[in-house]
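> Before I ask anything, here is the structure I am working with.
2 protein chains.
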Amino acid sequence: MLFFTQCFGAVLDLIHLRFQHYKAKRVFSAAGQLVCVVNPTHSLKYAPSRCAAVQASTEQGILPPCHHHEAVHDPQLVPCTCPLFSCPWEGHLEVVVSHLRQTHRINILQGAEIVFLATDMHLPAPTDWIIMHSCLGHQFLLVLRKQEKYEGHPQFFATMMLIGTPTQADNFTYRLELNRNQRRLKWEATPRSILECVDSVISDGDCLVLNTSLAQLFSDNGSLAIGIAITTSKVHSSEAEM
Amino acid sequence: MLFFTQCFGAVLDLIHLRFQHYKAKRVFSAAGQLVCVVNPTHSLKYAPSRCAAVQASTEQGILPPCHHHEAVHDPQLVPCTCPLFSCPWEGHLEVVVSHLRQTHRINILQGAEIVFLATDMHLPAPTDWIIMHSCLGHQFLLVLRKQEKYEGHPQFFATMMLIGTPTQADNFTYRLELNRNQRRLKWEATPRSILECVDSVISDGDCLVLNTSLAQLFSDNGSLAIGIAITTSKVHSSEAEM
Chain R
1 MLFFTQCFGA VLDLIHLRFQ HYKAKRVFSA AGQLVCVVNP THSLKYAPSR CAAVQASTEQ
61 GILPPCHHHE AVHDPQLVPC TCPLFSCPWE GHLEVVVSHL RQTHRINILQ GAEIVFLATD
121 MHLPAPTDWI IMHSCLGHQF LLVLRKQEKY EGHPQFFATM MLIGTPTQAD NFTYRLELNR
181 NQRRLKWEAT PRSILECVDS VISDGDCLVL NTSLAQLFSD NGSLAIGIAI TTSKVHSSEA
241 EM
Chain Y
1 MLFFTQCFGA VLDLIHLRFQ HYKAKRVFSA AGQLVCVVNP THSLKYAPSR CAAVQASTEQ
61 GILPPCHHHE AVHDPQLVPC TCPLFSCPWE GHLEVVVSHL RQTHRINILQ GAEIVFLATD
121 MHLPAPTDWI IMHSCLGHQF LLVLRKQEKY EGHPQFFATM MLIGTPTQAD NFTYRLELNR
181 NQRRLKWEAT PRSILECVDS VISDGDCLVL NTSLAQLFSD NGSLAIGIAI TTSKVHSSEA
241 EM
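These protein sequence lines are chains R and Y, in that order. Each residue of the first sequence is one higher than the one before, counting from 1 in UniProt numbering. Each residue of the second sequence is one higher than the one before, counting from 1 in UniProt numbering.
Here it is, written out as structure tokens:
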């Protein structure tokens, strides 16, 4: 009986995935553009001390110590940077990607341009949609967060972080693009390093910010498609270019 | 004595204007791009009945009646669409531009691409920055508004309206672009007709929306430069283009 229940559950999951993929294909028919369906996760709040510790050490130009130990054993160790969970893990920057994949089951996609299709936008805040993006020899973490900065008024915040140092991050530019209903919104910026705290990037509002009404205009049947492109920064486009 | 005081005032005004223009030139050195310095105006609130009347009649596909008269004498008459003042004026659509210029002293600029430099962004909400833009044989009204949707949290809303009918508006696409501090934000949409209420466009959030922190990142010395471009819509870029 348990076997049949599990089989039925698996079939339902497959139908749901197929439906999501059909929706994605309907929205993005451009050949060769990889569409990734990203399901939401309810985020568990960070310990505030951790965020502050990461921030402070990044500002001082050193890798952040783990907040679980009073003394820093190895300054090369990085705490787990997954914004979803209060995770006690710490390790070298080079193994952050495999930790995020294996422990937090965050998908990784290859390609210079991908489409991130966040499903179930109606879910209550706080909710996160997260994916890793492998491109130009580096890995990036894309975080879309639904959060209530002002009570009763949820907003969506999207940002991209390089799984690398701030100096490495300065070599790239990322672009997030929404395009639907005869409206187009583009955000371009230098990615932040994952050594900076994603929570503070979002609370500073230094990212793509969408009110609920705009998010609805850009959504199709509860799913929001964000086109992502990463390029290496040339001499950065000055204000004169406008 | 009065004469000397007035002279001194005029000299101060000239110095201030020169300083604003210098700032504009420093921000936008691109040759041939017209920079227009726009000073803020504290907006006087609309009578809500007026907005509702304009909205209702636009939805029914007729030109809005003036809210000052219970009976509609001439359905071709349009009330004053200046979002700044509760103005009793009404007239034909063709003379709205001259009314806005002459009565409300709103500047008009020529050119397909201009830069709108809004000064004194620090002023408290509600504040409006308004200009008319003549381009492709039509006149457009650009409204930048600082408003507190959530108490204590002012936001900036920018939109473009065609001084024409909704059918005429459908033939155009406008682009607003901010570019500073290695960040770029672009908003593209079909302009709304001035027969629709600018207040409702802003309250729906169907426009470029900036939090105070983002506005500060894009500002230079308290002035926000917005690049504006208007094009005729071809077959509208579909979602597949992303």
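Glycine residues also receive a C-beta, built at the ideal position from the N, C-alpha and C atoms.
Could you tell me which residues DSSP puts in a beta bridge with Pro79 of chain R?
BP columns for Pro79 of chain R point to R:Glu90.
> Can you tell me the Cα-Cα spacing of Gln60 of chain R and Val78 of chain R, whole angstroms?
Low confidence applies here, because Gln60 of chain R scores a pLDDT of 43, under 50, leaving its location unreliable and the question unanswered by this model.
> Rounded to whole angstroms, what is the Cα-Cα separation between Leu217 of chain Y and Val115 of chain R?
27 angstroms
> When burial is assigned at 16 or more other CB atoms within 10 Å of the CB, is Gly137 of chain R buried or exposed?
With fewer than 16 other Cβ atoms within 10 Å, it is exposed.
> If you measure between the beta carbons of Cys207 of chain Y and Thr159 of chain Y, is that distance less than 8 angstroms?
yes
> Name the chain R residues whose beta carbon is nearer than 8 angstroms to that of Glu94 of chain Y?
Residues of chain R passing the Cβ test: none, with the nearest at roughly 27 angstroms.
> State the DSSP-derived secondary structure class of residue 249 of chain Y, mapped to helix, strand or coil.
Outside the displayed span of chain Y (1 to 242) sits residue 249 of chain Y, for which this structure offers no information.
> Find the residues of chain Y that neighbour Ser213 of chain R, judging by a C-beta separation of less than 8 angstroms, and give them in chain order.
Asp204, Gly205 and Asp206
> Exposed or buried, His69 of chain R, counting other C-beta atoms within 10 Å across all chains shown (16 or more means buried)?
Because His69 of chain R carries a pLDDT of 36, less than 50, the predicted location of this residue cannot be relied on, and no value is offered for it.
> What is the DSSP secondary structure of Pro166 of chain R, counted as helix, strand or coil?
helix
> Specify the secondary structure class of Arg216 of chain R as computed by DSSP and reduced to three states.
It should be pointed out that residue 216 of chain R corresponds to Gln in this sequence rather than to Arg. In the structure shown, Gln216 of chain R sits in a helix (DSSP, three-state: H, G or I).
> Counting C-beta neighbours from all protein chains within 10 Å, is the total for Ser219 of chain R 16 or more, i.e. buried, or is it exposed?
buried
> Any residues in the stretch 126-142 of chain Y with a beta carbon nearer than 7 angstroms to a beta carbon of chain R? Which ones, in chain order?
none
> When the Cα of Arg184 of chain Y is compared with those of Y:His92, Y:Lys146 and Y:Ala215, which residue comes out closest?
Y:Ala215
> Could you tell me which chain Y residues have their CB closer than 7 angstroms to the CB of Thr190 of chain R, listed as they occur along the chain?
Gln182
> Tell me whether the stretch 156-170 of chain R and the stretch 151-168 of chain Y touch, counting them as touching only if at least three CB pairs, one residue from each stretch, are closer than 8 angstroms.
no
> Using a Cβ cut-off of 7 angstroms, which residues of the stretch 146-161 of chain Y contact any Cβ in chain R, in chain order?
Tyr150 and His153
> With DSSP collapsed to three states, give me the class of Phe195 of chain Y.
This sequence places Leu at residue 195 of chain Y; Phe is not what is there. DSSP places Leu195 of chain Y in coil when its eight states are reduced to three.
> I need the straight-line Cα distance from His156 of chain R to Asn221 of chain R, nearest angstrom please.
Here residue 156 of chain R turns out to be Phe, not His, going by the sequence shown. The alpha-carbon atoms of Phe156 of chain R and Asn221 of chain R are separated by roughly 17 angstroms.
> Based on Cα-Cα distance, which residue from R:Ile226, R:Pro40, R:Gly227 and R:Ile228 lies nearest to Thr127 of chain R?
Checked all of R:Ile226, R:Pro40, R:Gly227 and R:Ile228; the closest Cα to Thr127 of chain R is R:Pro40.
> Give every residue of the same chain whose Cβ lies closer than 6 angstroms to the Cβ of Trp187 of chain Y, excluding the five residues on either side of it in the sequence, and list them in chain order.
Leu176 and Leu208
> DSSP three-state call for Arg101 of chain Y: helix, strand or coil?
helix
> Have a look at Ile194 of chain Y and Leu144 of chain Y and give me their C-alpha separation to the nearest angstrom.
15 angstroms
> Which ranges does the beta strand (DSSP E) cover as unbroken runs of at least 3 residues, wholly within the stretch 103-171 of chain R, from first to last along the chain?
Segments of the beta strand (DSSP E) lying fully in the stretch 103-171 of chain R: 108-110, 113-118, 127-135, 138-150 and 153-162.
> Please say whether Val95 of chain Y and Met132 of chain Y have beta carbons closer to each other than 8 angstroms?
no
> Which residues mark the beginning and the end of the beta strand (DSSP E) in which Thr231 of chain Y is found?
Ser223 to Thr232
> Could you tell me the alpha carbon to alpha carbon distance between Gly227 of chain R and Leu141 of chain Y, rounded to whole angstroms?
31 angstroms
> Shortest alpha-carbon distance to Arg180 of chain Y belongs to which of R:Arg101, R:Pro88, R:Thr190 and R:His104?
R:Thr190
> CA-CA distance, Asn107 of chain Y and Tyr150 of chain Y?
31 angstroms
> Along chain R, which residues have their Cβ under 7 angstroms away from the Cβ of Trp187 of chain Y?
Per Cβ cutoff of 7 angstroms: Leu185.
> Is the shortest distance between the beta-carbon of His217 of chain R and the beta-carbons of chain Y less than 8 angstroms?
First, the residue type needs correcting, since residue 217 of chain R is Leu and not His in the sequence shown. By this cut-off, Leu217 of chain R is an interface position.
> Hey, does Val201 of chain R have any beta-carbon neighbour from chain Y nearer than 8 angstroms?
no
> Measure the CB-CB distance between Ser213 of chain R and Met121 of chain R and report whether it falls below 8 angstroms.
no
> Would you tell me roughly how many angstroms separate the C-alpha atoms of Leu123 of chain R and Leu117 of chain R, rounded to the nearest one?
15 angstroms
> In chain order, what residues of the same chain have a beta carbon less than 7 angstroms from the beta carbon of Ala169 of chain R, not counting five sequence neighbours either side?
The answer, listed in chain order, is Leu162, Thr190, Pro191, Arg192 and Ser193.
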